[in-house]
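Worksheet for the structure shown next.
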Amino acid sequence: MKIKKFFTLLLLTGLVFSCSDDDPPPPPAPVLSTEANILTFTLTDQTGPATLNASAATVEIEVENGTDLSSLSPAFTVSAGASASPASGTSGDYSSAVTITVTAEDGTTTKEWTVNVTEAPASTTDILTFTMPGQTSAADINSDDHTVTIEVAEGTDVTSLAPTFTISEGATSDPVSETEGDYTNPVIITVTAEDGTTSQDWTVTVSVATGQGDGTDILTFNYAHEQQPAVIDAVNHTIDLVVKNDQDLTDLYPYWSMSEGATSVPLSGSFDDYSSPFIITVTAEDGTTTQEWTVNASIADPGNDTDILAFNIAEETGNAIINDIAHTIAIEVENGTDLTDLTPIWTLSDGATSSPESGTTSDYSSEFTITVTAQDGTTTQDWAVNVTEAPGGDATDILLFLLNEQTSLADINDFTHTVDIEVVNGTDLTNLTPTFLLSPGATSNPVSGTAGNYSSPVTIAVTAEDGTTTQDWTVTVNEAPGGTISSETDILTFEVPEQTGDAVINGIKHEITVEVANGTYLGILTPTYTLSPGATSVPASGTPYNYFDWVTIFVTAEDGTTRQEWLVKVTEAD
Numbered sequence: 198m199k200i201k202k203f204f205t206l207l208l209l210t211g212l213v214f215s216c217s218d219d220d221p222p223p224p225p226a227p228v229l230s231t232e233a234n235i236l237t238f239t240l241t242d243q244t245g246p247a248t249l250n251a252s253a254a255t256v257e258i259e260v261e262n263g264t265d266l267s268s269l270s271p272a273f274t275v276s277a278g279a280s281a282s283p284a285s286g287t288s289g290d291y292s293s294a295v296t297i298t299v300t301a302e303d304g305t306t307t308k309e310w311t312v313n314v315t316e317a318p319a320s321t322t323d324i325l326t327f328t329m330p331g332q333t334s335a336a337d338i339n340s341d342d343h344t345v346t347i348e349v350a351e352g353t354d355v356t357s358l359a360p361t362f363t364i365s366e367g368a369t370s371d372p373v374s375e376t377e378g379d380y381t382n383p384v385i386i387t388v389t390a391e392d393g394t395t396s397q398d399w400t401v402t403v404s405v406a407t408g409q410g411d412g413t414d415i416l417t418f419n420y421a422h423e424q425q426p427a428v429i430d431a432v433n434h435t436i437d438l439v440v441k442n443d444q445d446l447t448d449l450y451p452y453w454s455m456s457e458g459a460t461s462v463p464l465s466g467s468f469d470d471y472s473s474p475f476i477i478t479v480t481a482e483d484g485t486t487t488q489e490w491t492v493n494a495s496i497a498d499p500g501n502d503t504d505i506l507a508f509n510i511a512e513e514t515g516n517a518i519i520n521d522i523a524h525t526i527a528i529e530v531e532n533g534t535d536l537t538d539l540t541p542i543w544t545l546s547d548g549a550t551s552s553p554e555s556g557t558t559s560d561y562s563s564e565f566t567i568t569v570t571a572q573d574g575t576t577t578q579d580w581a582v583n584v585t586e587a588p589g590g591d592a593t594d595i596l597l598f599l600l601n602e603q604t605s606l607a608d609i610n611d612f613t614h615t616v617d618i619e620v621v622n623g624t625d626l627t628n629l630t631p632t633f634l635l636s637p638g639a640t641s642n643p644v645s646g647t648a649g650n651y652s653s654p655v656t657i658a659v660t661a662e663d664g665t666t667t668q669d670w671t672v673t674v675n676e677a678p679g680g681t682i683s684s685e686t687d688i689l690t691f692e693v694p695e696q697t698g699d700a701v702i703n704g705i706k707h708e709i710t711v712e713v714a715n716g717t718y719l720g721i722l723t724p725t726y727t728l729s730p731g732a733t734s735v736p737a738s739g740t741p742y743n744y745f746d747w748v749t750i751f752v753t754a755e756d757g758t759t760r761q762e763w764l765v766k767v768t769e770a771d
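Just so it is clear: in the sequence shown, position 381 is 578 by my numbering, and no numbers are missing.
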């Protein structure tokens, strides 16, 4: 019997020792950030800072009125280690909301940001067109003097006229178009721009025609596809018109103007056959006097012009310099533009073609040749295009400023050139290492990542890409308000989505056990847990990890010193 008890005791002792031989817990996984925020967002033509809402994941920004929203290239920064799609600097169509997907440093967490770009209201206050019942000719709209003068037929009652007019887009007027009024004397129309602030008074003067004229002249004669201005012979009453060689003389629709009050057969703008001399009969205002005009239309010979008339690149800093004698084009683009991948647009002499065609993407890092062939298909001319980059930018901004100990985003003031940032209470201000982002190409002294004493304001001197423009920035670091700093290192709650019951948290042994559903893959579980107020942990709550064996969570108290290791064991249910 004693021998049996001895072997039982020996067996229990062996079990105890085998339990104590468990492998030590693996080292903690690297802590990768899950932040996926857009921190700054700028556009070349913005009217003010962008509004970033991290909770709603939105960016609201306004640009100058008239900006082409279909081709914008925003510059933005994201959380440390994160990436974005599309990337900063990518050109895109922002005429409607655009989604930017930010992927955090951990490579898994993503956040979709909605960017809304709006145009600032216009400030134009123009009267664009003005018509009046009974008018004898087009109104004279003078945009310099802000006056409108118009003549109405004899006998018109000017005490009760309702003019129709159009104004700048988005603008309003007082009185509005088609409002009846007394125009015996000049009338003021006040136009207020779309911005609701800019306004302009326009003086409208109406005169009444006297008598009926006997003029039967054709004063102007135009066709949209004419090769050159029509020649009007007022003595012989003939009009010579030369149209481009791709036009059909049997189907022309010219427009003409005549003596005041006169009418014509056919009407101006009518489609007619001009392949032989064409007669236009003009009847004077008096209704009696008439005159026949003969129009002689002909087709122009194919042209031999080989000119490049206009040349544009989206990234240009100014108009291209086109030399018609040397047949050269010189144009400057923004600093940093990739000259090997440019897509210029150009216009040529009528009927001419070019190789390559306008809108072709090519390498302009060295002199580029465009061959223009005239309309006649024979005459050619080579044009040499030279594209240069503008000197480096003069921007000297601090765009982003970060400290590991910060409690919130830094307040960066572009006008006072100051940075204000708050750090956790108790932080050693004499040894801080900030990281910051500058304007493209800019440098700083001290550089980002340099440790320094921030117990008093520190000056960071930023030098622009051009190497000349400089700006001093004052950085002020403040501690968060004081209070009792906790030394507690507890894990208060622990949850796994697949668990079958509450986790067992042993605050004395600092151990946590939790059971998950049978078949759960323990190789990658993502628990969430809460800690003592102000405490932090490695790995952080929400970090995926391998729970096939015991896992150690290191909890650091709010005081930054007190530390506790917790062991976590996850098991499968039977």
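Using N, Cα and C, we set each Cβ at its ideal position, and we do this for glycine too.
| Check | Outcome |
| --- | --- |
| Cutoff 7 Å; reference S472; Cβ partners in own chain excluding five residues on either side | L446 and T447 |
| Cutoff 6 Å; reference D756; Cβ partners in own chain excluding five residues on either side | I682 and S684 |
| Segment contact flag, the segment 591 to 602 with the segment 625 to 638, C-beta cutoff 8 Å, min 3 pairs | yes |
| Length at least 3, wholly inside the segment 255 to 279: the beta strand (DSSP E) runs in chain order | 255 to 260 and 272 to 275 |
| Reduced DSSP secondary structure (H/G/I, E/B, other) of Q603 | strand |
| Beta-carbon separation (whole angstroms), T435 vs N501, contact threshold 8 Å | 28 Å between Cβ atoms; not a contact. |
| Neighbour-count burial assignment, I235, 16 or more Cβ in a 10 Å radius | buried |
| Among A301, L240 and E348, the one whose alpha carbon lies nearest that of E316 | L240 |
| Rounded separation between L212 and V299 - CA only | With a pLDDT of only 44 at L212, under the threshold of 50, the placement of this residue in the model should not be trusted, and no figure is reported. |
| Residue span of the beta strand (DSSP E) that contains S641, given as start and end | T640 to N642 |
| Supposed contact pair T768 and E712 - C-beta distance, whole angstroms, cut 8 Å | 5 Å |
| Residue range of the unbroken beta strand (DSSP E) whose run includes F508 | I505 to N509 |
| Entirely enclosed beta strand (DSSP E) segments - the segment 634 to 708, minimum 3 residues | 640 to 642, 655 to 660, 667 to 676, 688 to 692 and 701 to 703 |
| Cβ pair Q701, P724 closer than 8 Å | The sequence given here has Val at residue 701, not Gln. Contact: no. |
| Classification of Q425 by the beta-carbon crowding that lies within 10 angstroms, buried from 16 upward | exposed |
| Within the segment 312 to 360, ranges of the beta strand (DSSP E) (whole runs, at least 3 residues) | 324 to 328, 337 to 339 and 344 to 349 |
| Alpha-carbon spacing of I609 relative to W670, whole angstroms | 10 Å |
| Of the residues I496, P654 and E375, the one placed nearest D441, counting alpha carbons only | Note on residue identity: the sequence assigns Lys, not Asp, to residue 441. The candidate whose alpha carbon is nearest that of K441 is I496. |
| Proximity to V349 [Cα-Cα], best of D371, T630, Y380 and P223 | Y380 |
| Min CB distance V439 to chain C below 8 Å | Checking the listed chains, one finds no chain C in this structure; it contains a single protein chain. |
| Three-way DSSP call (helix, strand, coil) for T239 in this model | strand |
| Touch test, the segment 310 to 325 against the segment 360 to 367, Cβ-Cβ under 8 Å, three pairs minimum | yes |
| Y420 (DSSP reduced to helix, strand or coil) | coil |
| Nearest candidate by alpha-carbon position, reference D414, set T389, P463 and V479 | V479 |
| Length of the line joining the Cα atoms of A253 and A737 | 24 Å |
| C-beta contact flag for T544 and A507 at 8 Å | yes |
| Where D430 falls, given that 16 or more other Cβ within 10 Å makes a residue buried | exposed |
| Element boundaries [beta strand (DSSP E), containing Y452] | Y452 to M455 |
| Through-space distance from I510 to E531, alpha-carbon basis | 10 Å |
| Contacting residues, own chain, Cβ-Cβ under 7 Å from T568 (five flanking each side not counted) | S551, S552, T577 and D579 |
| Closest Cα partner of G412 within the set T486, V295, G720 and R760 | T486 |
| N-terminal and C-terminal residue of the beta strand (DSSP E) that N250 is part of | T248 to N250 |
| Delimiting residues of the beta strand (DSSP E) encompassing E513 | It is not in any beta strand (DSSP E) - E513 carries neither H nor E in the DSSP assignment. |
| Option nearest I297 by Cα separation, candidates D303, K308 and T575 | K308 |
| For I567, three-class secondary structure by DSSP | strand |
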